[in-house]
Amino acid sequence: MSQWSQVQQLEIKFLEQVDQFYDDNFPMEIRHLLAQWIESQDWEAAANNEAMAMILLQNLIIQVDEQLDRVSQEKNLLLIHNLKRVRKLLQGKYHGNPMHIAVIISNCLREERRILAAASMPVQGPLEKSLQSSVVSERQRNVEHKVSAIKNSAQMTDQDVKYLEDLQEEFDFRYKTIQSLEQNDKNSALIKQEMLALQAMLNTLDYKRKEVLSKIGRVIHEIDMLMSNMLTEELLDWKRRQQIACIGGPLHGGLDQLQNCFTLLAESLFQVRRQLEKLDELLTRLTYDGDPIPVQRPQLLEKVNFLLYNLFRNSFVVERQPCMPTHPQRPMVLKTLIQFTVKLRLLIKLPELNYQIRVKATIDKNVSTVSNRRFVLCGTHVKAMNMDESANGSLSVEFRHLQPKEMKTSAGSKGNEGPHMVTEELHSISFETQVCLYGLTINLETSSLPVVMISNVSQLPNAWASIIWYNLSTNDPQNLSFFNNPPAATLSQLLEVLSWQFSSYVGRGLNSEQLNMLAEKLMGQQVSYNDYQLSWAKFCKEHLPGKSFTFWVWLEAILDLIKKHILPLWIDGYIMGFVSKEKERILLKDKTPGTFLLRFSESNLGGITFTWVDQLENGDVTFHSVEPYNKGRLSALPFADILRDYKVIMADNVPENPLKYLYPDIPKDKAFGKHYSCQPNEVSKPSDGGGKGYVPSVFIPVSKILNDSTEPHSPSDLLPMSPSVYAVLREHLSPTAIETAVS
Numbered sequence: 001m002s003q004w005s006q007v008q009q010l011e012i013k014f015l016e017q018v019d020q021f022y023d024d025n026f027p028m029e030i031r032h033l034l035a036q037w038i039e040s041q042d043w044e045a046a047a048n049n050e051a052m053a054m055i056l057l058q059n060l061i062i063q064v065d066e067q068l069d070r071v072s073q074e075k076n077l078l079l080i081h082n083l084k085r086v087r088k089l090l091q092g093k094y095h096g097n098p099m100h101i102a103v104i105i106s107n108c109l110r111e112e113r114r115i116l117a118a119a120s121m122p123v124q125g126p127l128e129k130s131l132q133s134s135v136v137s138e139r140q141r142n143v144e145h146k147v148s149a150i151k152n153s154a155q156m157t158d159q160d161v162k163y164l165e166d167l168q169e170e171f172d173f174r175y176k177t178i179q180s181l182e183q184n185d186k187n188s189a190l191i192k193q194e195m196l197a198l199q200a201m202l203n204t205l206d207y208k209r210k211e212v213l214s215k216i217g218r219v220i221h222e223i224d225m226l227m228s229n230m231l232t233e234e235l236l237d238w239k240r241r242q243q244i245a246c247i248g249g250p251l252h253g254g255l256d257q258l259q260n261c262f263t264l265l266a267e268s269l270f271q272v273r274r275q276l277e278k279l280d281e282l283l284t285r286l287t288y289d290g291d292p293i294p295v296q297r298p299q300l301l302e303k304v305n306f307l308l309y310n311l312f313r314n315s316f317v318v319e320r321q322p323c324m325p326t327h328p329q330r331p332m333v334l335k336t337l338i339q340f341t342v343k344l345r346l347l348i349k350l351p352e353l354n355y356q357i358r359v360k361a362t363i364d365k366n367v368s369t370v371s372n373r374r375f376v377l378c379g380t381h382v383k384a385m386n387m388d389e390s391a392n393g394s395l396s397v398e399f400r401h402l403q404p405k406e407m408k409t410s411a412g413s414k415g416n417e418g419p420h421m422v423t424e425e426l427h428s429i430s431f432e433t434q435v436c437l438y439g440l441t442i443n444l445e446t447s448s449l450p451v452v453m454i455s456n457v458s459q460l461p462n463a464w465a466s467i468i469w470y471n472l473s474t475n476d477p478q479n480l481s482f483f484n485n486p487p488a489a490t491l492s493q494l495l496e497v498l499s500w501q502f503s504s505y506v507g508r509g510l511n512s513e514q515l516n517m518l519a520e521k522l523m524g525q526q527v528s529y530n531d532y533q534l535s536w537a538k539f540c541k542e543h544l545p546g547k548s549f550t551f552w553v554w555l556e557a558i559l560d561l562i563k564k565h566i567l568p569l570w571i572d573g574y575i576m577g578f579v580s581k582e583k584e585r586i587l588l589k590d591k592t593p594g595t596f597l598l599r600f601s602e603s604n605l606g607g608i609t610f611t612w613v614d615q616l617e618n619g620d621v622t623f624h625s626v627e628p629y630n631k632g633r634l635s636a637l638p639f640a641d642i643l644r645d646y647k648v649i650m651a652d653n654v655p656e657n658p659l660k661y662l663y664p665d666i667p668k669d670k671a672f673g674k675h676y677s678c679q680p681n682e683v684s685k686p687s688d689g690g691g692k693g694y695v696p697s698v699f700i701p702v703s704k705i706l707n708d709s710t711e712p713h714s715p716s717d718l719l720p721m722s723p724s725v726y727a728v729l730r731e732h733l734s735p736t737a738i739e740t741a742v743s
C-alpha cells in the first residue's frame with residue numbers, strides 16, 4: 001500500500017493536519033494523481049543537488065503533462081483547469097530554483113510519515129502536544145488580527161494628517177490675504193470678523209495637531225505592546241518548533257505568517273515616520289505658542305526609530321539550519337572540508353531591500369568554546385539577499401558552498417581529545433549584515449543553533465546524539481558550554497524524540513510496546529517512566545550492562561540497518577524489532593508451531609534475528625533463534641529471501657523451512673511475498689546449464705539443530721551454513737555423511 005493510500009485512511013483529525021501543509025506551493029491534486037511516482041523518487045537527495053533537482057522537476061512536469069492528456073480525453077473540465085494551473089506554477093515558480101520544490105515535496109512526505117506514525121501511537125507525545133497547543137493557535141490569530149488593526153489605524157491617521165495639511169493651507173492662504181491688505185482695510189468690521197474666524201481655525205488646527213499626535217502615539221504604543229509580548233512569543237515559539245523539527249519532530253510552519261506580520265508592522269512604522277516628517281514640515285510653515293508638535297514629535301520619532309531597530313534585529317533569522325547535503329536528516333553536524341548549506345531570511349519583505357543587503361558568514365565569532373579547536377569557513381561566505389531565489393518571494397540568502405576547516409594550533413591538543421570530547425563541543429556559525437533605509441542604518445546579527453564539528457564520519461552518531469540532547473533539553477539558542485554540565489531529560493520526552501528518529505529517518509515510528517522496551521533498556525527495570533529523569537551519560541556515554549557499546553550506538557546501528565537493508569519490511573510494520581527475549585517467548589509460547597517474529601539483536605550491533613516456536617514429541621514447547629544477520633550478510637542476500645528460503649536440518653537430516661506464520665498468525669508468504677526478489681531458490685544440477693560448464697549457484701541459508709538439545713547451546717549452533725558448502729554436501733555426500741560433517 002502506498003504512503004498516500006495510508007494517509008487517506010486516517011481519521012479526520014489527522015487528515016486536517018495533512019491539509020495544513022498542502023498549499024499552492026505543492027497542490028494536493030498532484031500528490032494524489034502522482035502518488036506512486038512521487039514516492040519512488042529521492043526528493044531528499046535532490047533537495048541538496050541542483051542537477052538532480054532539475055531532472056526531477058522536468059520529469060514532474062512530464063508526469064503532469066501525461067495526466068493532462070488523460071483527463072483531456074475524459075473531458076474533466078475542472079481537473080484540466082487545475083492541472084494547467086499547476087503546470088504553469090511548476091514552470092514559472094521553480095524553474096530558477098528546482099531545489100526548492102524538492103525541499104517542499106521531501107518535507108511533505110516526511111510530515112506524512114510523521115502523522116502516520118502519530119496515528120499509530122495510542123496518545124500524542126508531550127512535546128508534540130505542547131507544540132500544537134490551542135493557546136498557541138489562538139495567539140497566532142490574535143497577532144494577525146492586531147497587526148491588521150494597526151495597519152488600518154496607521155492608514156486612517158494618514159487621512160487625518162492630509163486633512164490637517166489641507167486645513168493649514170487654507171489657514172495660511174486666508175492669513176496671508178489679510179496680511180496683504182492696507183492698514184485702513186484691516187480695521188473694517190468685515191476684516192475683524194475674518195480675524196475671529198482665523199482664530200477659530202487656529203484653535204481647530206491646534207486641536208487637530210494634538211489629535212493626530214495622540215493617534216500616532218496610540219499606534220506606536222500598540223506596535224510596542226504587540227512586539228514586546230505576543231509577537232516576541234510567536235517568534236520564540238517558531239524558533240522552538242524549528243529546534244524540534246531539526247531532531248525529527250513535526251515540521252515547523254508559520255514563518256510566512258510571521259513575515260507578513262513583521263512586514264506589515266515595518267510598513268506601519270515607516271508610515272508613522274512619514275507622518276511625523278509631514279508634521280515637521282507643517283511646523284516649519286506655522287507654529288504658535290503651545291504648539292504640541294515641537295514638544296511631542298521628537299519623542300515619538302525616537303520611539304519609532306527604536307521600534308524599527310528592534311523589529312529589524314528580530315526579523316533576521318536562520319530559516320534553514322546548517323546541514324551537509326550528504327546527511328540531510330542530520331542537521332547541525334558538520335564535517336571538516338565538506339560543504340554544507342544554510343539559509344537566512346529577513347522577515348521584513350520590502351522591495352527597496354532586494355539585492356541591497358550583503359550577509360557575511362563567520363564561525364565562532366566572539367565566542368569562547370570549550371576546547372582549543374578553532375575553525376574558519378572556506379568558500380563563498382558573503383552573499384546578497386534577494387527575492388528571486390525563493391519560490392515564495394521572501395527576502396533570503398542561501399549559502400551552499402561553505403566548508404569548515406580546522407586551524408592548526410601549536411598546542412597540539414587535538415590528539416589528546418577523547419571521542420566524546422569532540423562530539424560534545426558546540427560551535428556557532430554567525431551572520432552579520434547592515435540595512436540602510438530611509439536614513440536609518442541598522443546592524444543585524446544572528447547565529448545558527450549550536451553545531452558539532454567532526455573530522456571523521458565515524459563520529460557522526462555521537463555528534464547527532466549531542467544535537468538531539470541539546471535541542472530536546474533547552475531552548476537557549478547559544479549555550480555553547482551546555483555539555484560542561486548537561487541536564488537530565490524527561491524520559492517520556494526522550495522516547496518521543498526516539499520515535500521521531502524512526503518516523504523521519506526510516507518512515508515508521510515506534511508504538512507504545514516498542515517504546516516500553518527501550519525504556520526498560522535505558523532504566524534497567526520496568527517502572528513508570530512519565531516523570532523519570534535520564535542522564536546524558538546513561539544515554540550516550542555509559543556502556544549497556546555487559547556490553548561494549550552504549551544505548552545510543554546500539555540504536556543508531558539499528559536505524560542504519562533498517563535504512564540500508566530492511567526498509568520495506570519495517571515500513572510495512574512486519575518487524576516487531578524491539579522486544580526482549582523474555583517477552584518474545586511469552587508472545588510465542590501459545591502460538592501454532594512455526595510462528596515466528598523478527599527482533600533486533602540486543603548483543604550485536606546492527607543485527608536482526610528471528611525466533612520461532614516449535615513443539616517436541618512430548619508436547620513441550622521449544623524456541624529457536626538464529627544468529628543475528630548483520631549488514632554484511634544482508635548485502636549478499638535480501639532479508640525477505642532469507643525468510644523464504646531459510647532451512648534447518650532436523651533429526652532426520654531433511655532440510656525444511658520452520659517459518660510458517662509471522663506473529664501473531666499471518667502466513668509468511670502473505671506478509672513478505674511482495675518483497676521476494678525472485679522465485680524460491682533451488683540447488684541447480686549440472687544439466688540446468690550455467691556459464692562455461694559451471695553449475696549455477698544460489699544462496700540458501702541453512703542451520704543445524706542438534707538432536708540432544710531442545711535449545712541451541714550458543715548462537716553459533718544456528719549459524720547459517722555456507723550455500724556453497726550445502727550444495728556440495730547434497731551433491732556428493734549421503735545423509736549420514738552430512739550429519740557427521742555438520743556435527
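In full-length UniProt numbering, the protein residues as written are 1 to 743.
Glycine included, every Cβ here is placed at the ideal spot set by N, Cα and C.
Could you check the C-alpha separation between residue i and residue j for me, to the nearest Å?
{"i": "PHE483", "j": "GLU128", "result": "25 angstroms"}
{"i": "TYR288", "j": "PHE171", "result": "13 angstroms"}
{"i": "CYS540", "j": "GLN58", "result": "44 angstroms"}
{"i": "LYS208", "j": "LEU311", "result": "30 angstroms"}
{"i": "SER40", "j": "ILE105", "result": "12 angstroms"}
{"i": "MET227", "j": "ASP531", "result": "36 angstroms"}
{"i": "ILE30", "j": "GLU513", "result": "36 angstroms"}
{"i": "THR441", "j": "LYS210", "result": "30 angstroms"}
{"i": "GLU505", "j": "HIS381", "result": "It is Tyr, not Glu, that sits at residue 505 in the sequence shown. Looking at the two C-alpha atoms, the distance is approximately 30 angstroms."}
{"i": "LEU634", "j": "CYS108", "result": "31 angstroms"}
{"i": "LEU15", "j": "GLN434", "result": "44 angstroms"}
{"i": "LYS215", "j": "LEU301", "result": "14 angstroms"}
{"i": "LYS668", "j": "TYR22", "result": "38 angstroms"}
{"i": "SER458", "j": "PHE549", "result": "14 angstroms"}
CB-CB under 6 angstroms to residue i, same chain, minus the five flanking residues each way: which ones, in chain order?
{"i": "ASP717", "result": "Low confidence applies to ASP717: its pLDDT is 40, below 50, so where it sits in the model is not reliable enough to give any reading."}
{"i": "TRP4", "result": "ALA35"}
{"i": "LEU597", "result": "MET576 and TYR663"}
{"i": "HIS675", "result": "PRO568 and ALA640"}
{"i": "ASN354", "result": "ASN386 and MET387"}
{"i": "LEU308", "result": "LEU269"}
With distances taken from CA atoms, which of the options is nearest residue i?
{"i": "SER535", "options": "PHE431, PRO487, LEU510 and LEU231", "result": "PRO487"}
{"i": "LEU264", "options": "VAL86, LEU231 and GLU112", "result": "LEU231"}
{"i": "GLU144", "options": "TYR663, LEU258, THR326 and GLY96", "result": "LEU258"}
{"i": "ASN49", "options": "ALA189, ILE247, ASP65 and VAL103", "result": "VAL103"}
{"i": "THR423", "options": "GLY607, ARG274 and SER481", "result": "SER481"}
{"i": "MET195", "options": "TYR175, ASP206, LEU213 and LEU205", "result": "TYR175"}
{"i": "GLN250", "options": "SER188, GLU112, LYS303 and THR157", "result": "The sequence shown places Pro at residue 250, not Gln. It is GLU112."}
{"i": "ARG285", "options": "ASN260, TYR661, LEU236 and ASP166", "result": "ASP166"}
For residue i, which residues from the same chain have a beta carbon less than 7 angstroms from its beta carbon, with the 5 sequence-adjacent residues on both sides left out?
{"i": "VAL613", "result": "LEU588, LYS589, LYS591, PRO593, THR595, VAL621 and PHE623"}
{"i": "SER448", "result": "VAL318, GLN321, PRO322, VAL342, SER428 and ILE429"}
{"i": "TRP551", "result": "Sequence inspection shows Phe at residue 551; the Trp mentioned does not correspond to that position. The residues are LYS521, LEU522, PHE539 and LEU544."}
What residues in its chain sit with their C-beta under 8 angstroms from that of residue i, if we drop five residues either side in the sequence?
{"i": "LEU10", "result": "VAL18, ILE115, LEU116 and ALA119"}
{"i": "PHE375", "result": "THR336, ILE363, ASP364, PRO404, LYS405, GLU406, MET407, HIS427 and MET453"}
{"i": "SER677", "result": "PRO638, ALA640 and ASP641"}
{"i": "LEU181", "result": "ILE191"}
Is the beta carbon of residue i sitting closer than 8 angstroms to the one on residue j?
{"i": "ILE315", "j": "ALA154", "result": "Rather than Ile, the amino acid found at residue 315 in this sequence is Ser. Going by C-beta atoms, SER315 is not nearer than 8 angstroms to ALA154."}
{"i": "ARG297", "j": "LEU279", "result": "yes"}
{"i": "GLY507", "j": "TRP500", "result": "no"}
{"i": "VAL295", "j": "ILE220", "result": "no"}
{"i": "SER89", "j": "LEU68", "result": "It is Leu, not Ser, that sits at residue 89 in the sequence shown. No. Outside cutoff."}
{"i": "PHE600", "j": "LEU643", "result": "no"}
{"i": "TYR574", "j": "ILE608", "result": "no"}
{"i": "LEU544", "j": "TRP554", "result": "yes"}
{"i": "LEU213", "j": "GLN168", "result": "no"}
{"i": "LEU346", "j": "ILE357", "result": "yes"}
Between the region 322–332 and the region 355–363, can you find at least three pairs of beta-carbon atoms closer than 8 angstroms? Three or more Cβ pairs closer than 8 angstroms define a contact, and the region 355–363 falls short of that threshold against the region 322–332.
Looking at C-beta atoms only, is the number of pairs between the region 469–479 and the region 488–496 that lie closer than 8 angstroms three or more? Flag = yes, the region 469–479 and the region 488–496 touch.
Touching by the beta-carbon criterion (3+ pairs, under 8 angstroms), the region 71–91 and the region 45–55: Taking 8 angstroms as the limit for Cβ pairs, the verdict is that the region 45–55 does not touch the region 71–91.
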